[in-house]
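To start, the structure itself, in structure tokens.
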Amino acid sequence: MSKKKSKTVIEVSEETTRLIKNLKKWPKKAKAPASYSKRENFVNRELSWLEFNERVLLEARDRKNPLMERLSFLSITQSNLDEFFMVRVASLRDQFNVDYSKTDISGLLPGEQLEAISECAHAMMYRMYTTYNRQILPRLKREGFFIRNVSELDDRQREIIDDYFDTTLYPILTPMAVDSGRPFPLIHNKVINLGLMLRRAGDEEGEIQFSTIQMPTVVPRIFVLTPERTANGNDRKSGDPLLEVVLLEDIVAANLHKLFDGYDILDQVDYRIMRNADLEIDEEEAADLLVEIEKQIRLRDWGEVIKLEINDIVSPELLDFLVTELEVDHSSIYSINGPLDLTFLSKLRGLPHCKQQKQLYYPAFSPQPVSLYQKRIAEAKEQGINETDIFTAIRQGDIFMYHPYEKFDPVLEFIRRAARDPDVLAIKQTLYRISSDSPIIQYLTEAARNGKQVFVLVELKARFDEENNIHWARALEKEGCHVIYGLVGLKTHSKITLVVRKEEEGIRRYVHLGTGNYNDQTAKLYTDSAIFTCRESYGEDATEFFNMLSGFSAPDDWYKLVVAPRWLRRTFVALIQRETRLAEAGKKARIVAKMNSLVDEGITKELYKASQAGVKIELIVRGICCLRPGIKGLSENITVRSLVGRYLEHARIYYFENDGHQDVFMSSADWMPRNLDRRIELLYPVEDKECKARAMEILRIQLEDNLRAHLGNPDGTYRKPDLRGVQSLDAQIASSELAIQRAELARQAEDALLIMGDFQPKFEEIDPHAPDMINVSYNSN
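FYI, the numbering for the sequence shown is 18 to 798, going by my numbering.
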């Protein structure tokens, strides 16, 4: 309800309450002893990211994974690496170009980092194409799928591709000659091009000329030769291929004589470039941020060339010409034995011919109903409340969700219902990455048309989603929503929705807080956790938060929410330091932290100090980790694990033992300087006992995983767990089965209150001899 209460009312431990409320009296940074600051105590951020991408590549190489999923992992490895070069390597090049002399936390200068990255990336590209040529292609052929070279086609197939070239490709291709009157053209980022050296036919002494052709992006790169009915089995003879395809660039290369009539083609090569894609926006000077970002997006096509990929069979003359015109240094050239840009594999696995072979994919899994939502509805009905909806469920108690194992539908229903409910007065929401056909946008515009106050912060600076977000921001404004684009100098990364509703008792505020984006598509692929609540304290804070975003409010006092950049760093440091003091006093102290990346130097130093005090620290870090675990005298009490599997691990959950009080938080933030210092982020306690148990359960299962997990070594590399003599467990499969079990119990239980049972949440030390984890986890709830 809206009535103001004393801000000392809080349901996390009183000691935690005092600790967080007193943060503003503390210095922003505590000086760490010199021993914790040694450069050899930290892993370079970029090399740690490359280690992460190696873990993704390992999934493509793992023969235990279904074939089509291995294609997906190889495609992801490629797209990850592309973005890494366009952003991270580009940033280092900028630093190097201006003689930036400051080292990173591992003690490396920009030039030294670029040299190390080049060595690692060249080796990675070699392994990617070794995987493609020696593992993926042979296995595809065994299953009846063929990526054909033109030379392998029979006469009928050759006639098909020639006809396709004549009728479809020839009219849209544009050969670009290079001579004194026609300068070297703009080569677009990430697009495959065909470079040629030519000479007039019959003129052996004539001038050698250069031309380039950009492969069109308006037609599919994969040309399918096999009719779909063959894949269905109709008209297919035993031993016939299930699928035969030819790549677009090969079709063009086979028909070059039609484009260059009267010329001899002396040499030809496929090539592709990566450009600096980082936006440089002066937000203080920009009169209109949306217009300025649109301008910067267009400038991406003119960014410095960071990387040149080229087929490994190319003459020195043609290579030298491209290097000179593109102004690429030789360390940025990547010679490739195979088709450029392996992201086409994700399109290949999506073809109907492939999808019909279900045994080559992960077993189908459908997100399950949110069991706590079902329980809250059942509780309401037991109390005689017959008309139940999402608001009824939230009034019964907080609701915890774990996507994609549980459906994203309640989030969509929350906004849809709010848009149509005559008692709802206002909807406020932050949007970071939105799907290209988002139902949320539809519901928000419907709410505005229904006369409700709709406020939306659309973060235009979400990298590579800028154009999509600009489109939706304009659509929302057109329908009468109040739209802002974020705060100057800060990127808004928090995920929060506030619905204000008029009820019999007065105004009530409903809040959704999540670790992931309001994106109905990625919610099927990323693991994220979220809560619904209508607790007054969260509603008060949510109101203050949105007032801060939309106006000039800068509140110092909050009930529950911890907001970056003002308070988040200090809160995390204080929570870690408390565990350190508890350990020094001989009390229970433990930290379990699940996140995407750990990069921040200050947080890492605090973890080192906590480790030396005897705090057991277990880190579940999917991506970059600059901390070195297991070093005697520094981090022997710290373990690091990374989970890479079917779903991208995206949730952020932070657990602090606090001498048995067990404080659990969720957040939109990782332990990175950008999250702590340069973004609007949120951290919030998980207080409802059932929600808290669910969050702790996620951590427990992931700490027991020994199939998807990679264990961090002191040198920054990773190893797979030793499975000898232990029961194997895949955390993602376990979470799927838990969701199925809970959904089934919800359907079967006569007494809905038996769904969760009665319990006190405990985060016990993991017993390697415990019974099956799924049953243990379920029975504890």
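Note that CB positions come from ideal geometry on N, CA and C, so glycine has one too.
Beta-carbon gap between residue i and residue j smaller than 7 Å
{"i": "Y527", "j": "A479", "result": "no"}
{"i": "A436", "j": "A464", "result": "yes"}
{"i": "E321", "j": "Y351", "result": "no"}
{"i": "F240", "j": "V195", "result": "no"}
{"i": "F361", "j": "P258", "result": "no"}
{"i": "G355", "j": "Y149", "result": "yes"}
{"i": "S349", "j": "K324", "result": "yes"}
{"i": "R607", "j": "E674", "result": "yes"}
{"i": "V500", "j": "A490", "result": "yes"}
{"i": "L474", "j": "L566", "result": "yes"}
{"i": "E63", "j": "I134", "result": "yes"}
{"i": "L699", "j": "L504", "result": "no"}
{"i": "E76", "j": "N82", "result": "yes"}
{"i": "L242", "j": "E266", "result": "no"}
{"i": "M214", "j": "L343", "result": "no"}
{"i": "S452", "j": "Q538", "result": "yes"}
{"i": "W66", "j": "I548", "result": "no"}
{"i": "L542", "j": "M85", "result": "no"}
{"i": "Y422", "j": "A756", "result": "yes"}
{"i": "L125", "j": "N61", "result": "yes"}
{"i": "A559", "j": "L515", "result": "yes"}
{"i": "V263", "j": "I178", "result": "yes"}
{"i": "F417", "j": "C708", "result": "yes"}
{"i": "F182", "j": "I310", "result": "no"}
{"i": "V681", "j": "V657", "result": "no"}
{"i": "V517", "j": "L442", "result": "yes"}
{"i": "T532", "j": "S546", "result": "yes"}
{"i": "A218", "j": "G128", "result": "no"}
{"i": "R165", "j": "H727", "result": "no"}
{"i": "V590", "j": "Y672", "result": "no"}
{"i": "I282", "j": "L276", "result": "no"}
{"i": "L507", "j": "L585", "result": "no"}
{"i": "D574", "j": "P690", "result": "no"}
Residue i classed as buried or exposed, judged by whether at least 16 other C-beta atoms fall within 10 angstroms
{"i": "Q385", "result": "buried"}
{"i": "R173", "result": "exposed"}
{"i": "W319", "result": "exposed"}
{"i": "H510", "result": "buried"}
{"i": "T234", "result": "exposed"}
{"i": "T33", "result": "buried"}
{"i": "W43", "result": "In this predicted model, W43 has a pLDDT of only 49, less than 50, meaning its place in the structure is not dependable; the value taken from the coordinates is given anyway. The residue in question, W43, is exposed, as its Cβ has fewer than 16 Cβ neighbours within 10 Å."}
{"i": "T191", "result": "exposed"}
{"i": "P439", "result": "exposed"}
{"i": "D775", "result": "Unreliable positioning characterises D775 in this predicted model, as indicated by a pLDDT of 42, which lies under 50. A coordinate reading is not provided."}
{"i": "Y187", "result": "exposed"}
{"i": "L203", "result": "exposed"}
{"i": "S332", "result": "exposed"}
{"i": "K424", "result": "buried"}
{"i": "P646", "result": "buried"}
{"i": "L530", "result": "buried"}
{"i": "P200", "result": "exposed"}
{"i": "N486", "result": "buried"}
{"i": "N293", "result": "buried"}
Residues bridged to residue i (per DSSP)
{"i": "G468", "result": "Bridge partners of G468: none, in fact."}
{"i": "Q642", "result": "Reading the sequence as shown, one finds Cys at residue 642 and not Gln. Paired residue(s): L615."}
{"i": "V262", "result": "I164, V241"}
{"i": "F549", "result": "I416, H529"}
{"i": "P83", "result": "Paired residue(s): none; P83 is not in a bridge."}
{"i": "D11", "result": "Absent from the model: residue 11. The displayed extent of the chain is 18 to 798, so no value can be given."}
{"i": "M291", "result": "K324"}
Report the residue ranges of all beta strand (DSSP E) runs contained in full by the segment 662-695; include only those spanning at least 3 residues, in chain order.
-> Segments of the beta strand (DSSP E) lying fully in the segment 662-695: 670-673, 680-684.
Any contact of the segment 277-296 with the segment 200-210, i.e. 3+ C-beta pairs under 8 Å?
-> The segment 277-296 and the segment 200-210 touch, with no fewer than 3 CB-CB distances between them shorter than 8 Å.
Contact between the segment 385-405 and the segment 360-371 (3+ Cβ pairs under 8 Å) = Output reads no: the segment 360-371 does not touch the segment 385-405.
Contact between the segment 745-759 and the segment 662-669 (3+ Cβ pairs under 8 Å) | Touching, per the Cβ criterion.
Residue ranges of each beta strand (DSSP E) run of no fewer than 3 residues wholly in the segment 382-451, ordered along the chain?
-> Within the segment 382-451, the complete beta strand (DSSP E) runs of at least 3 residues are 416-420, 441-448.
Any 3 or more C-beta pairs closer than 8 Å across the segment 503-523 and the segment 681-688 | Judged by Cβ distances under 8 Å, the segment 503-523 makes contact with the segment 681-688, as three or more pairs qualify.
Kindly provide the ranges of any alpha helix (DSSP H) runs that are 4 or more residues long and lie completely inside the segment 65-128, ordered along the chain.
-> For the segment 65-128, whole alpha helix (DSSP H) runs of length 4 or above, ordered along the chain, are 84-101, 107-114.
The segment 591-598 in contact with the segment 616-628 per 3-pair CB rule at 8 Å | Yes: the two stretches touch, three or more of their Cβ pairs being nearer than 8 Å.
Is the segment 579-587 touching the segment 632-641, taking contact as three or more C-beta pairs under 8 Å?
-> No, the segment 579-587 is not in contact with the segment 632-641.
Give, in chain order, every unbroken run of the beta strand (DSSP E) that is at least 3 residues long and sits entirely within the segment 466-526.
-> Listed in chain order, they are 470-475, 499-501, 513-520.
For the segment 699-734, which segments carrying the beta strand (DSSP E) assignment without a break, of at least 3 residues, lie completely within its bounds, in sequence order?
-> Fully enclosed beta strand (DSSP E) runs of 3 or longer: 726-729.
At what residue ranges does the segment 297-364 contain a whole run of the beta strand (DSSP E), taking only runs of 3 or more?
-> Here the runs fully enclosed are 322-328, 350-353.
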